[in-house]
Amino acid sequence: MNAGELCIREVVTALPEDTAESAACQMREGHVGDLVVVNARDGRNLPVGIVTDRDLVLKVIAVGRQPAEVRLEQIMGQVLVTVDEHTEISAVLDGMKENGVRRMPVINAEGGLIGILTYDDMVEWFAEELAAMVTLVHKEQRLERTLDR
C-alpha cells in the first residue's frame, strides 16, 4: 500500500492570502480540522503549507488577533513536509515520526497536490489489516478443529 492509494483525494484548500476567518469557515463547511495552503500554477495546486484548527486557536484566537485580518501565510507552518504518491505507508509513518507531523499532503511527480494522508487514516488502515489477520487466524483454528474430529 502506498500514499497515493490510501490518501484522501478530496482536500480542502486555500490560498496564502486567504484569511483565518475564511479558513475557519471552510473547515466547518468541509468538516475537516485542516486545510492545505496552495499556490495555483500551470493548472496544478502546489502545496505550500498547512493550517490546522489548532493553528487558528493558538496563533489567532488565543492571542487576540482578528481572524478577518490574519492571512494564512502568517500562521501556516514554516516547513511543509509532503510525500510522493508512490511512497510506501511504512515510509510515510517514519517521515511523520521524524518530522513530528500528523498530516502530509500527497503530491505527484510534478509536485501537484493529489491528496492528504493523516496519522488517523493510517491507524484506521492498520486496524483493518490487523482485523483481517485475526479473522484469518480464527478461520485456520476452526479448520483445524474440524480436522481433529
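Its first residue numbered 5, the sequence shown is counted upward by one per residue in the numbering used here. Just so it is clear, CB atoms sit at the ideal spot from N, CA and C, and this is done for glycine as well. These numbers were taken from a predicted model, which means no experiment stands behind them.
Give the straight-line distance between the Cα atoms of residue i and residue j, rounded to the nearest whole angstrom.
| i | j | result |
| --- | --- | --- |
| V83 | K143 | 47 Å |
| V141 | R32 | 42 Å |
| V55 | E9 | 24 Å |
| R13 | Q78 | 26 Å |
| R146 | V127 | 29 Å |
| V85 | R69 | 27 Å |
| I93 | Y123 | 10 Å |
| M108 | R149 | 46 Å |
| G154 | R106 | Residue 154 falls outside the range modelled here, since the chain spans only 5 to 153, and no answer is possible. |
| G47 | L134 | 40 Å |
| D59 | C11 | 22 Å |
Taking residue i as the reference, which of the options has the closest Cα?
| i | options | result |
| --- | --- | --- |
| L76 | S26, R146 and L10 | S26 |
| A7 | T139, A131, N112 and V138 | N112 |
Please return the same chain residues whose Cβ sits closer than 8 Å to the Cβ of residue i, not counting the five positions on each side in sequence.
| i | result |
| --- | --- |
| T23 | P71, A72, E73, V74, R75 and L76 |
| P20 | V41, N43, V52, G53, R75, L76, E77 and M80 |
Could you pull the start and end residues of the alpha helix (DSSP H) that residue i belongs to?
| i | result |
| --- | --- |
| V96 | I93 to N103 |
| M5 | M5 -> no alpha helix (DSSP H), and no H or E assigned at all. |
Near residue i, which residues of its chain fall below 7 Å by C-beta distance, leaving aside the five closest residues on each side in sequence?
| i | result |
| --- | --- |
| L39 | V16, T17, A18, A27, Q30, M31 and V55 |
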